[in-house]
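Numbering (my numbering), first residue to last: 4 to 120. Quick notes on the structure that follows.
If you want it as structure tokens, here you go:
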């Protein structure tokens, strides 16, 4: 899979897997919205893990052309959104992810990568 992902995509996937994120999915939104090119959606098992995943993405992108430009939801730790320009990362508690079901809402867009635990 490494060969098929851009540097930004691989950087974020690596940052999430290092913190044991589960059910990682990367969606291609380029032909659907002007908001961003990609969504990466993943889950954590606790608020602390959700925050640790977000922290690791900040750490891994700091000083690169792909730094996080905006963040929402960190303090609550239920659903953290990180804006990296070309990619928006959604880090959910599993039960919150199930409730909002972004995969269903964007079900007609191409899936670039999907990794389960």
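Ideal placement from N, C-alpha and C gives every residue a C-beta, glycine not left out. Keep in mind that this is a model prediction, so the values were computed, not measured.
>> Tell me the rounded alpha-carbon separation between residue 14 and residue 78.
In response: Indexing the chain shown from 1 puts residue 14 at position 11. Indexing the chain shown from 1 puts residue 78 at position 75. Residue 14 and residue 78: Cα-Cα distance of roughly 24 Å.
> Per DSSP, residue 75 forms a beta bridge with which residues?
Replying inline: By 1-based counting over the chain shown, the position of residue 75 is 72. In the DSSP output, where bridge partners are listed per residue, residue 75 has 84.
> Would you report the Cα separation of residue 22 and residue 10, rounded to the nearest angstrom?
Replying inline: Indexing the chain shown from 1 puts residue 22 at position 19. Indexing the chain shown from 1 puts residue 10 at position 7. In this structure, the alpha-carbon of residue 22 lies about 19 Å from that of residue 10.
>> Please state the DSSP three-state secondary structure of residue 51.
In response: Sequence index remark: in the chain shown, residue 51 carries index 48 (1-based). Three-state DSSP puts residue 51 in a helix.
> Helix or strand or just coil, what does DSSP make of residue 31?
Replying inline: In the chain shown, counting from the first residue as 1, residue 31 sits at position 28. Of the three classes helix, strand and coil, the one that applies to residue 31 here is strand, per DSSP.
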